[in-house]
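Residue numbers (the working numbering): 65 to 172.
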């Protein structure tokens, strides 16, 4: 649950967060995610864990928006993870949009 989430106040440091405390980023450029590729990523996460943390920003008390890493977040759900590694960034909408757009140019 998101209740009583113990996230350190140290920004930009690796932390873990319950998966249900995150939501899709409003600037996510990808509309469709290939289910087969997502399952491949989930299988990789089961075997090796999440190598690169998901980048989030806090949007409400105990709620976080994904800025970069939605595929990892979705694959982590498929893999059955309850928590994922994250980095919290203190950024505004403009910066979140720029990061999401830059992330969207990558190939799945």
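Glycine included, each C-beta is placed from N, C-alpha and C at the ideal position. If you're wondering where the values come from, they're calculated on a predicted model, not measured in any experiment.
Query: Given residue 83, which residues of its chain have a CB within under 8 Å of its CB, disregarding the five upstream and five downstream residues?; Result: 137, 140, 141, 145, 146, 147 and 148
Query: Kindly provide the ranges of any beta strand (DSSP E) runs that are 3 or more residues long and lie completely inside the stretch 132-156, ordered along the chain.; Result: 147-152
Query: Between residue 163 and residue 129, what straight-line distance do the alpha-carbon atoms span, to the nearest angstrom?; Result: 13 Å
Query: What three-state label does DSSP hand residue 110 in the structure shown?; Result: helix
Query: So what does DSSP say about residue 82, is it helix, strand or coil?; Result: strand
Query: Quick check on this structure: which residue in 119, 127 and 150 has the alpha carbon closest to the alpha carbon of residue 92?; Result: 119
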